[in-house]
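Participant:
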Amino acid sequence: MSRGPPGPLDTFLGVQAATGSDVIHLIPADTPLPAGVSHVIVLTRNADGQMTTGVSTPIVDRAVPVNPAEAVAFDDEDLDANELAGVITVTSAADESDLAHYCVFFADEHLHPLLWTPVANFTKGMSELSHTFSENTPLPLGA
Numbered sequence: 354m355s356r357g358p359p360g361p362l363d364t365f366l367g368v369q370a371a372t373g374s375d376v377i378h379l380i381p382a383d384t385p386l387p388a389g390v391s392h393v394i395v396l397t398r399n400a401d402g403q404m405t406t407g408v409s410t411p412i413v414d415r416a417v418p419v420n421p422a423e424a425v426a427f428d429d430e431d432l433d434a435n436e437l438a439g440v441i442t443v444t445s446a447a448d449e450s451d452l453a454h455y456c457v458f459f460a461d462e463h464l465h466p467l468l469w470t471p472v473a474n475f476t477k478g479m480s481e482l483s484h485t486f487s488e489n490t491p492l493p494l495g496a
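Taking our numbering, the leading residue of the sequence shown gets 354, the next gets one more, and so forth.
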């Protein structure tokens, strides 16, 4: 992040020249968010100085969840090959603050999802995170 005129946190993204068109300033991926920063503000200036108020927008720091489910359990009750039946139970994460859903997928031996459509989808905070596979549910190829 480039430094500029001192501010409350002495953080400065840069100066863009007025062009008469919309101006774009790209912030690279993985740019650290300085402590205490919650908004981006644009202040205009000319040779006589810089305005004291401007326009702003809140920063929404997007990130994938880091808190996994605590556990998953499943016992196949279907005795036929390449078919399954039974209840899959998910134990919720100890900290659900950064997630919205639990998505259950069929996966291969390397734990790569075989299909990008979840078998089950649970919203965080639900009291019961379980899904029942009915008798003779076919396993996808590679599971």
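C-beta atoms are modelled at their ideal positions from N, C-alpha and C, and glycine is treated no differently.
Is Ser483 closer than 8 Å to Val440 when the C-beta atoms are compared?
Facilitator: Position 87 of the sequence shown holds residue 440. Position 130 of the sequence shown holds residue 483. A contact, by the Cβ cut-off of 8 Å.
Participant: Helix or strand or just coil, what does DSSP make of Ile441?
Facilitator: Translated into the one-based positions of the sequence shown, residue 441 becomes position 88. If DSSP states are grouped into helix, strand and coil, Ile441 belongs with the strands.
Participant: In the DSSP assignment, find the beta strand (DSSP E) that holds Pro491 and state where it starts and stops.
Facilitator: Position 138 of the sequence shown, counted from the first residue, corresponds to residue 491. Pro491 -> beta strand (DSSP E) spans Ser483 to Pro491.
Participant: How many Å lie between Met404 and Pro385 at the Cα?
Facilitator: Looking up residue 404 in the sequence shown gives position 51. Looking up residue 385 in the sequence shown gives position 32. Spanning the two alpha carbons is a distance of roughly 27 Å.
Participant: Any idea what DSSP makes of Gly367, helix, strand or coil?
Facilitator: Here residue 367 refers to the residue found at position 14 when the sequence shown is read from its first residue. Residue state, collapsed to three classes: coil.
Participant: Report all residues from its chain with a CB closer than 6 Å to the CB of Thr442; omit the five preceding and five following residues, and keep chain order.
Facilitator: Residue numbering aside, residue 442 sits at position 89 when the sequence shown is read from its first letter. Answer for Thr442: Ala426 and Ser483, listed in chain order.
Participant: Tell me the DSSP bridge mates of Glu436?
Facilitator: Here the question's residue 436 lines up with position 83 in the sequence shown. Bridge partners of Glu436: Pro491.
Participant: Buried or exposed: where does Ser445 fall if 16 or more other Cβ atoms within 10 Å of its Cβ makes it buried?
Facilitator: Against the sequence shown, residue 445 aligns to sequence position 92. When all chains shown are included, Ser445 counts as buried.
Participant: Please identify the residue among Thr485, Phe459, Lys477 and Arg398 whose C-alpha is closest to the C-alpha of Glu449.
Facilitator: The sequence position of residue 449 within the sequence shown is 96, counting from 1. Of the listed residues, the one whose Cα sits closest to Glu449 is Lys477.
Participant: Out of Asp431, Leu452, Pro418 and Val368, point me to the one whose CA is closest to Phe486's CA.
Facilitator: Position 133 of the sequence shown, counted from the start, is the residue given in the question as residue 486. The option with the nearest alpha carbon to Phe486 is Asp431.
Participant: With a CB to CB cut of under 7 Å and the five nearest residues on each side skipped, what residues in its chain are close to His378?
Facilitator: As a working mapping, residue 378 is identified with position 25 in the sequence shown. Counting only Cβ-Cβ distances below 7 Å, and skipping sequence neighbours, we find Leu366, Gly367 and Gln369.
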